[in-house]
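One structure is given below, encoded as structure tokens.
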Amino acid sequence: MVRDLARKYALLNAVQHDGKASAKAVLGRLLAEDASLRSRVPEISPVVEDAIAAVNRLSYEDQRAELERIAPELLEKKKEKAHELPDLPNVHGPVVMRFAPFPSGPLHIGHARAIFLNDAYVRRYGGKFILAFDDTIGSEQKPLMREAYDLIAEGMAWLGVQVQETIYKSDRMPAFYQTGDLLLARGGAYVCECSPAELRANREKGVGCAHRGRTPDENLEFWRRMLADQDGHEAPEPRVPGPRALPDQRAGAPARGDAVQGVAAPRVLLGRRRPPPRRHARAPREGPRHGGRDGEGDLGLPRRPAPPGVHPLRIPVLQGDRPEQVEARPRHPRGSLGGGR
Numbered sequence: 058m059v060r061d062l063a064r065k066y067a068l069l070n071a072v073q074h075d076g077k078a079s080a081k082a083v084l085g086r087l088l089a090e091d092a093s094l095r096s097r098v099p100e101i102s103p104v105v106e107d108a109i110a111a112v113n114r115l116s117y118e119d120q121r122a123e124l125e126r127i128a129p130e131l132l133e134k135k136k137e138k139a140h141e142l143p144d145l146p147n148v149h150g151p152v153v154m155r156f157a158p159f160p161s162g163p164l165h166i167g168h169a170r171a172i173f174l175n176d177a178y179v180r181r182y183g184g185k186f187i188l189a190f191d192d193t194i195g196s197e198q199k200p201l202m203r204e205a206y207d208l209i210a211e212g213m214a215w216l217g218v219q220v221q222e223t224i225y226k227s228d229r230m231p232a233f234y235q236t237g238d239l240l241l242a243r244g245g246a247y248v249c250e251c252s253p254a255e256l257r258a259n260r261e262k263g264v265g266c267a268h269r270g271r272t273p274d275e276n277l278e279f280w281r282r283m284l285a286d287q288d289g290h291e292a293p294e295p296r297v298p299g300p301r302a303l304p305d306q307r308a309g310a311p312a313r314g315d316a317v318q319g320v321a322a323p324r325v326l327l328g329r330r331r332p333p334p335r336r337h338a339r340a341p342r343e344g345p346r347h348g349g350r351d352g353e354g355d356l357g358l359p360r361r362p363a364p365p366g367v368h369p370l371r372i373p374v375l376q377g378d379r380p381e382q383v384e385a386r387p388r389h390p391r392g393s394l395g396g397g398r
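For the sequence shown, position 28 (counting from the first letter as 1) is numbered 85 according to this note's numbering, and the numbering increases by one without interruption.
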């Protein structure tokens, strides 16, 4: 029994390595197949050596012919499992995909994954690929970089990806301002004057912001002063209060409310930013900028001025970043160009 196994695996090893079998490899294969042989290594090692010597004296053609006769299944090539992207749900024609980078520098390897995934679906279904610069955000720690617009476009071309349309989220700032007016007028947001330290303290104590009780008229007055840039000091910021009841699409029950107000921090919608000039000399003046980084909210997700039919891909590792957006997605199946990652 051991002698037959030793010869079989000696033939296989020889065929796999240009006619020269290895005693160490054959012995390892035997022990892997039958663990009870481990205690008999001194006894079976000479048997393996004899099998190796006999097989290595054969020509390669004779080795293969004998192996085909006694164990043809060992020569069958295992079919490699195909690795393909899953089909997009509810897609029955061309698609519109988008990549929405923050222009703070050139592309890196992490961007390549998102770019190739989007491009793969455009190639599969037909349609177009949109490069949507997410340039309504930025901070002193991570400012916008004017050269990044060209660097990103050049990087995508170097990757072999064809972009059919380029858009700039900052071109839609008037729509975001209009939405800010609407939210404040309806009481869906409020203007907060708390410092970061005060916000952290309130969150630790589980108490709401002192400015949350302002009337819509009071909030609109602060908001319009921000837009007019009348204040010389640091401006307040419109925030969305923690929701009093946010339906959980999966469980059919409130997912967040007053009971966890201290956990669900109010999100900044728009805040004052002073970025460097944008891609052209006609850069907008200083003023409120659309929030969306460093823990801020994303007004571009609920406000949808983007063309319909765009399919944004969501990377699973990011789904825990802003859970209220994940829960809202089933209600917006057509996607958005807002909130690039």
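Ideal Cβ positions, reconstructed from N, Cα and C, are used throughout, including at glycine. Note that this is a predicted model, so its numbers are computed, not measured.
Note on geometry: alpha-carbon atoms of Leu94 and Leu84 lie some 10 Å from one another. Look at Ala189 here: in three-state DSSP terms it is strand.
Note on geometry: alpha-carbon atoms of Asp207 and Phe233 lie some 26 Å from one another. DSSP, reduced to helix, strand and coil, places Met58 outside both helices and strands of the structure shown, so it counts as coil. For Arg180, the number of other beta carbons within 10 angstroms of its own is below 16, and it is reported as exposed. A distance below 7 Å between beta-carbons, with the five flanking residues on each side excluded, links Gly244 to the following residues of its chain, in chain order: Pro273.
Cβ neighbours of Leu142 within its own chain (closer than 8 Å, five residues either side excluded): Leu174, Ala177, Tyr178, Arg181.
Linking Leu370 to His165 through their CA atoms gives a straight-line distance of about 18 Å.
Closest in alpha carbon position to Leu132, among Ser252, Tyr66, His368, is Tyr66.
Here Val367 carries a strand assignment [DSSP, helix/strand/coil]. Ala108 and His140 have their C-alpha atoms roughly 40 Å apart. The C-alpha of Gly237 lies about 16 Å from the C-alpha of Lys226. Of Glu90, Asn276, Arg257, Ile194, the smallest CA-CA separation from Met58 is found for Glu90.
Of all C-beta pairs linking the segment 108 to 117 to the segment 70 to 77, three or more are shorter than 8 Å, placing the two stretches in contact. Listed as beta-bridge partners of Phe156 by DSSP are Leu188.
The C-alpha of Leu241 is placed about 26 Å away from the C-alpha of Lys262. When secondary structure is reduced to three states using DSSP, Glu141 falls in the coil class, being assigned neither helix nor strand.
Exposure of Asp144 is indicated by the presence of fewer than 16 other C-beta atoms within 10 angstroms of its C-beta. In the structure shown, Glu222 adopts extended strand secondary structure according to DSSP, grouped into three states. Scanning its chain for C-beta atoms nearer than 7 Å, with the 5 sequence neighbours on each side dropped, one finds around Gly183 the residues Pro151, in chain order.
Counting along the chain, Val248 sits inside the beta strand (DSSP E) bounded by residues 247 to 249. Scanning its chain for C-beta atoms nearer than 7 Å, with the 5 sequence neighbours on each side dropped, one finds around Arg86 the residues Tyr66, in chain order.
For Ile127, the enclosing alpha helix (DSSP H) stretches over residues 117 to 127.
In the structure shown, Lys65 adopts helical secondary structure according to DSSP, grouped into three states. Cβ-Cβ separation between Ala205 and Pro160: approximately 4 Å, consistent with a contact (criterion under 8 Å). One alpha carbon belongs to Cys249, the other to Arg257, and they sit about 13 Å apart. Here DSSP, grouped into helix, strand and coil, assigns Met202 to coil.
Collapsing the DSSP output to three states places Thr272 in coil. Counted as a single uninterrupted DSSP element, the alpha helix (DSSP H) harbouring Val105 occupies residues 98 to 113.
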